[in-house]
Amino acid sequence: MGMTLAEKILARASGRDRVTPDEVVVARVDLAMSHENADLVRKSFLEIGLNQVWDPTRIAIIFDHRVPAESEKTATTHKAVREFVAAQGIPNFYDVGRGGICHQVLPENGHVRPGMLVVGTDSHTTTHGAFGAFSTGIGATEMAGVWTEGALWFKVPSTIRIEVKGSFHQWITAKDLILYIIGMLGAAGADYRAVEFDGPAIRAMSIASRMVLTNLAMEMGAKVAFTPVDEVLLDYLRPLTPQKIHRIAPDPDAHYERTIHIDVARDLPEPQIACPHSVDNVRPLSALGEVPIDQAVLGSCTNGRLEDLEVAARVVAGRVVCDRARLLVIPASQRVYLEALRLGYLETLVAAGAIINPPGCGPCVGLHQGILAARETCVSSTNRNFLGRMGSKDSRVYLASPAVVAASAIAGRLAHPASIVHEEEPCLTEG
Amino acid sequence: MEAVIQGRVYKFGDNINSDVIIPGRYLIYIDKERLGQHAFEMLGEGFGNTLRSFDILVAGRNFGCGSAREQAATAIQGLGIRAVVAASFARTFYRNAINDGLPIVECPALVAAVAEGDSIRIDLAAGKIGHAGKEYPFPQMPDSVRKILELGGLGEYLRGKLAERG
Chain A
0 MGMTLAEKIL
10 ARASGRDRVT
20 PDEVVVARVD
30 LAMSHENADL
40 VRKSFLEIGL
50 NQVWDPTRIA
60 IIFDHRVPAE
70 SEKTATTHKA
80 VREFVAAQGI
90 PNFYDVGRGG
100 ICHQVLPENG
110 HVRPGMLVVG
120 TDSHTTTHGA
130 FGAFSTGIGA
140 TEMAGVWTEG
150 ALWFKVPSTI
160 RIEVKGSFHQ
170 WITAKDLILY
180 IIGMLGAAGA
190 DYRAVEFDGP
200 AIRAMSIASR
210 MVLTNLAMEM
220 GAKVAFTPVD
230 EVLLDYLRPL
240 TPQKIHRIAP
250 DPDAHYERTI
260 HIDVARDLPE
270 PQIACPHSVD
280 NVRPLSALGE
290 VPIDQAVLGS
300 CTNGRLEDLE
310 VAARVVAGRV
320 VCDRARLLVI
330 PASQRVYLEA
340 LRLGYLETLV
350 AAGAIINPPG
360 CGPCVGLHQG
370 ILAARETCVS
380 STNRNFLGRM
390 GSKDSRVYLA
400 SPAVVAASAI
410 AGRLAHPASI
420 VHEEEPCLTE
430 G
Chain B
0 MEAVIQGRVY
10 KFGDNINSDV
20 IIPGRYLIYI
30 DKERLGQHAF
40 EMLGEGFGNT
50 LRSFDILVAG
60 RNFGCGSARE
70 QAATAIQGLG
80 IRAVVAASFA
90 RTFYRNAIND
100 GLPIVECPAL
110 VAAVAEGDSI
120 RIDLAAGKIG
130 HAGKEYPFPQ
140 MPDSVRKILE
150 LGGLGEYLRG
160 KLAERG
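Taken in sequence, the protein lines are chains A and B.
Reading the first sequence from the start, the letters are residues 0 to 430 in numbering that gives the first Met the number 0.
Reading the second sequence from the start, the letters are residues 0 to 165 in numbering that gives the first Met the number 0.
What follows is the structure, given as structure tokens:
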């Protein structure tokens, strides 16, 4: 029997001809990524007792969760990591103002290629499956082990295949598709498993849109997720890396635990919203009634890329953010920021009343740059709406696509972009 | 690590996420005591202190889902909790717990049978949990992984391995 993508990559990385689900293998790591928690990794690594990491060229460190430093404690952490990076000779280090969100910076700089085994001390490391990598999140102590030995144990996951066909309705995006899937499978629906997204609707997507799927697959528990290694991906990667790019694909007779079929034209007539306080609490927008909002957040490793800023700019162009609401925009990287500046998207957004935060995770993790007060409601293009995630335990977060976030900022309530761009509705006022 | 863990259980439902276990704003801390002070505070003031009077957490499916933050396992240890039994775990929490030396057991049958305040007895070597006169077997971890847990975590395991090599 043939192998799935996850099985093929784990077989290669563990020096086997083949692996089967539920086996435990020890695999060599091709790339080990950390953000600010590199400081935690550094401390664990030094406690183990070695002075030199296994391979500095296979380590990448990107500051994104707390940029620029929001406290003296963070500033001290940043400084300690900078000194460690210099002492170890780690070349792939992206400091404040040099990178952005780790899951955007790695691919933008050609660090991830098909067939690689990537680990990161961040749960959304699954994002890099959009580049054909077996890519997953691990903890900090575990990363110290990788820095020591360059290898890690993995249980070979079984694979769920999700075949998607059809054309998207206007304003419906990859975000709506993945929220729909998470709503269907549940927060534990892909626990320990690999997910392969494929089919004509996936192959027609941009790389940025595919990254939304592999990023959010984590929210149904997936260990890794993949989109196809096709011409669209090769065209994206070729200018970024001099390295040979391996075309990998699952075997036609690979075994899947289950296969799910979705027709986006039939199944996704309208935007999907993840309601408080879990990502699998998904409803179609029209089922929600009137939901007034105080804050709208456009950004994150899920939806802070150029196409996301573009659609938001299109929705808000010539309009202003509703008096009762504030719109926060966070480009995913310096590169995205610069490109959005050049193309005028940021000018349009600022003219509408948006505030632009520096590239990074922004308020998504609830640390800074847009924390919610008690009884405030936020619509966000980010990836988690857990109780208290973005501030007060009495605040509420609705997850939606960038287009819905932008439309809602204008309307002051959860709104369909079509209701804003075509026939304008009056701005919702207090009381 | 204790071979047998006996004590009173607190029972949670499904999908307890790592943001609820320890909010993102406390991730600048790494010590057990400090993290323990803020563990589960999203569920109400003093909720963490309530948990301190229990020994073992029992939960439904997908315990520890969401963020890969290792501090979720550390914060639970900071409350004095000695083991977590769940119907299933999110994979990052599962790995972090092993690497931090926090015993974890997947045993859906026990979870269905147990109520808050009950006493249970987890025998890690024998792979069974005793509760109300009945025994609930659970599958053992692979030997290589169980060794990490038995030594008290990945740090100890790697230190030992390096010392062996000289």
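In this text, a Cβ means the ideal position worked out from N, Cα and C, and glycines have one as well.
Chain-ordered chain B contacts of residue i [CB-CB under 9 Å]
i, result
"Gly365(A)", "Asp18, Pro22, Gly23, Arg24"
Own chain, CB closer than 7 Å to residue i, minus 5 neighbours either side, in chain order
i, result
"Ile206(A)", "Ala129, Val231, Leu232, Tyr235"
"Leu366(A)", "His64, Arg65, Glu69"
"Pro20(A)", "Val155, Pro156, Ser157"
"Pro227(A)", "Asp197, Ile201, Arg202"
"His276(A)", "Asn384, Phe385, Leu386"
"Pro136(B)", "Gly126, Lys127"
"Ala12(A)", "Ala26, Arg27, Leu116"
"Met41(B)", "Val19, Pro22"
Per-residue contacts from residue i into chain B (C-beta, under 7 Å)
i, result
"Arg388(A)", "Asp18"
"Phe385(A)", "Asn16, Asp18, Val19, Gly65"
"Leu380(A)", "For the record, residue 380(A) in the displayed sequence is Ser; it is not Leu. The contacting residues do not exist; Ser380(A) stays about 17 Å from chain B at best."
"Trp152(A)", "Ser143, Val144"
"Ala186(A)", "Asn14, Asn61, Cys64"
DSSP-derived helix/strand/coil call for residue i
i, result
"Arg27(A)", "strand"
"Asp489(A)", "Residue 489(A) falls outside the range modelled here, since chain A spans only 0 to 430, and no answer is possible."
"His64(A)", "coil"
"Asn95(B)", "helix"
"Tyr179(A)", "helix"
"Glu82(A)", "helix"
"Lys160(B)", "helix"
"Thr125(A)", "helix"
"His130(B)", "strand"
"Cys377(A)", "strand"
"Ser299(A)", "helix"
"Glu218(A)", "helix"
"Ile147(B)", "helix"
"Thr158(A)", "strand"
"Cys152(B)", "The residue asked about is misnamed: residue 152(B) is Gly in this sequence, not Cys. Three-state DSSP puts Gly152(B) in coil, outside helix and strand."
"Arg57(A)", "helix"
"Lys392(A)", "coil"
"Ala316(A)", "coil"
"Arg257(A)", "strand"
Rounded Cβ spacing between residue i and residue j (contact assumed at less than 8 Å)
i, j, result
"Pro358(A)", "Ser332(A)", "5 Å"
"Arg94(B)", "Glu148(A)", "In fact, because the Cβ distance is near 15 Å, the residues do not count as touching under 8 Å."
"Asn440(A)", "Pro416(A)", "Since the first residue of chain A shown is 0 and the last is 430, residue 440(A) is not available in this structure."
"Asp54(B)", "Arg24(B)", "Not a contact, Cβ separation roughly 28 Å."
"Leu148(B)", "Gly100(B)", "6 Å"
"Pro138(B)", "Val23(A)", "With 8 Å as the limit, Pro138(B) and Val23(A) do not qualify as a contact, their Cβ atoms being about 13 Å apart."
"Leu105(A)", "Arg27(A)", "No, Leu105(A) and Arg27(A) are not in contact; Cβ-Cβ is about 18 Å, not under 8 Å."
"Val290(A)", "Thr376(A)", "7 Å"
"Leu74(B)", "Phe92(B)", "The sequence shown places Ala at residue 74(B), rather than the Leu named in the question. With a Cβ gap of about 11 Å, Ala74(B) and Phe92(B) do not count as contacting."
"Leu78(B)", "Arg60(B)", "22 Å between Cβ atoms; not a contact."
"Phe11(B)", "Ala58(B)", "4 Å"
"Ala139(A)", "Leu39(A)", "4 Å"
"Val263(A)", "Ala221(A)", "About 20 Å; that fails the 8 Å criterion."
"Leu212(A)", "Ile177(A)", "5 Å"
"Leu267(A)", "Met219(A)", "Actually they are not in contact, since the Cβ atoms of Leu267(A) and Met219(A) sit about 17 Å apart, beyond 8 Å."
Where residue i meets chain B, residues with beta-carbon distance less than 8 Å
i, result
"Tyr191(A)", "Arg90"
"Gly220(A)", "Asn61, Cys64, Ala89, Arg90"
Close-in-space but distant-in-sequence residues of the same chain around residue i (CB under 6 Å, 5 per side omitted)
i, result
"Thr3(A)", "Thr158, Pro249, Ala253"
"Leu432(A)", "Residue 432(A) lies beyond the stretch modelled for chain A, which goes from 0 to 430, so this question has no answer here."
"His127(A)", "Val111, Val117, Ser134"
"Arg374(A)", "Asp393"
"Asp122(B)", "Val3"
Partner residues on chain A for residue i, Cβ-Cβ distance less than 7 Å
i, result
"Leu153(B)", "Thr140, Glu141, Gly144"
"Ile103(B)", "None at all; the shortest Cβ gap to chain A is about 13 Å."
Cross-chain neighbours of residue i in chain A, by beta carbon under 9 Å
i, result
"Asp99(B)", "Gly138, Thr140"
"Ser118(B)", "Ordered by position in chain A, no residue passes the 9 Å Cβ test against Ser118(B), which lies about 28 Å from the chain."
Per-residue contacts from residue i into chain A (C-beta, under 8 Å)
i, result
"Arg158(B)", "Glu46, Ile47, Gly48"
"Arg164(B)", "Correct list: empty, because the minimum Cβ distance to chain A is about 11 Å."
"Leu50(B)", "Here the premise fails: no neighbours, minimum Cβ distance about 17 Å."
Cβ shell of residue i (< 8 Å), same chain only, five flanking positions each side left out
i, result
"Gln60(A)", "The question names Gln, yet the displayed sequence has Ile at residue 60(A). Counting only Cβ-Cβ distances below 8 Å, and skipping sequence neighbours, we find Met32, Ser33, His34, Ala37, Val80, Val84, Ile89, Asn91, Phe92, Tyr93."
"Leu308(A)", "Leu297, Val328, Pro330, Val335, Ala339, Tyr344, Leu345, Leu348, Pro401"
"Leu109(B)", "Val57, Val84, Ile119, Ile128, His130, Tyr135, Phe137"
Relative to chain A, which residues along the region 122–143 of chain B have a C-beta separation below 7 Å, given in chain order?
If the cut-off is 7 Å between Cβ atoms, the region 122–143 of chain B has Pro141, Ser143 near chain A.
Quiz item: What are the residues of the region 101–123 of chain A that lie near chain B, defined by any Cβ-Cβ distance shorter than 9 Å?
Solution: With the criterion set as a beta carbon lying under 9 Å from some beta carbon of chain B, the members of the region 101–123 of chain A are Gly119, Thr120, Asp121, Ser122, His123, in sequence order.
Chain A contacts from the region 34–47 of chain B (Cβ-Cβ distance under 9 Å): Closer than 9 Å at the C-beta level to chain A, one finds these residues of the region 34–47 of chain B: Glu40, Met41, Leu42, Gly43.
*Could you name the residues of the region 4–26 of chain A whose beta carbon sits closer than 7 Å to any beta carbon of chain B, in the order they occur along the chain?*
Of all residues in the region 4–26 of chain A, the ones placed with a Cβ closer than 7 Å to any Cβ belonging to chain B are Val23, in chain order.
Please identify, using Cβ separations under 8 Å, the residues of the region 38–63 of chain A that lie next to chain B, in order along the chain. For the region 38–63 of chain A, the set of positions with a beta-carbon nearer than 8 Å to some beta-carbon of chain B reads Leu39, Lys42, Ser43, Glu46, Ile47, Gly48, Leu49 in chain order.
- Scan the region 73–103 of chain A for residues whose Cβ lies nearer than 9 Å to a Cβ of chain B and list them as they occur along the chain. Within the region 73–103 of chain A, Thr73, Thr76 place their CB atoms closer than 9 Å to a CB of chain B, listed in sequence order.
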